[in-house]
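In the working numbering, the protein residues as written are 473 to 641. In this text, a Cβ means the ideal position worked out from N, Cα and C, and glycines have one as well. Some notes on the structure that comes next.
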């Protein structure tokens, strides 16, 4: 069982997948930072300084200065600002993945478009072709058959049945 597990892990696809997951986690951290620290402040400027991360609906009825204060007090909140940030994160990640897949597909098409080198014909096939071509080039059998004089067939001998019927008459 250990040997099978070791073979499974050592396969290229599993290793590629593991690298992809690790890179994806690192990429997600970068995208989250880009959205939170770079994009959202610009969006906040266009929305009169509103920070989306602080947008929430308080379900407990109390008044709180910020989302952090409401959460610290244990109030039930709907954090739609954090959801908006998550949607923006998702859209950015989806767009970047789209661009990556598009470029990978373009590279695959270029590789497919390149003509493959013709496969070398095996020696035995080449030899058989030479034999076939040399036999086809020599019309010896046809010429010899054409030069032979036509022979006439000898008349058929009378059969024994015909002889016996002739004697009875």
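Nonlocal neighbours in the same chain, by C-beta distance under 8 Å from residue i, ignoring five residues either side
i: residue 480; result: 486
i: residue 551; result: 527, 528, 539
i: residue 512; result: 523, 524, 525, 557, 560
i: residue 548; result: 530, 531, 532
Residue i in three-state terms, based on DSSP
i: residue 593; result: coil
i: residue 507; result: helix
i: residue 519; result: coil
i: residue 575; result: helix
i: residue 561; result: helix
i: residue 485; result: helix
Selection from the options that minimises the alpha carbon distance to residue i
i: residue 557; options: 499, 503, 483; result: 503
i: residue 509; options: 523, 496, 590; result: 523
i: residue 496; options: 533, 572, 545; result: 572
i: residue 498; options: 565, 591, 594; result: 565
Beta carbon of residue i nearer than 7 Å to that of residue j
i: residue 507; j: residue 561; result: yes
Neighbourhood of residue i by C-beta distance below 7 Å, restricted to the same chain and skipping five residues each side
i: residue 554; result: 525
Cβ-heavy atom distance, residue i to the ligand NAP, below 6 Å
i: residue 560; result: In the structure on display, the ligand NAP does not appear, and there are no ligands present to speak of.
Test: residue i CB closer than 7 Å to a CB of chain D
i: residue 590; result: Any reference to chain D falls outside this structure, which holds one protein chain only.
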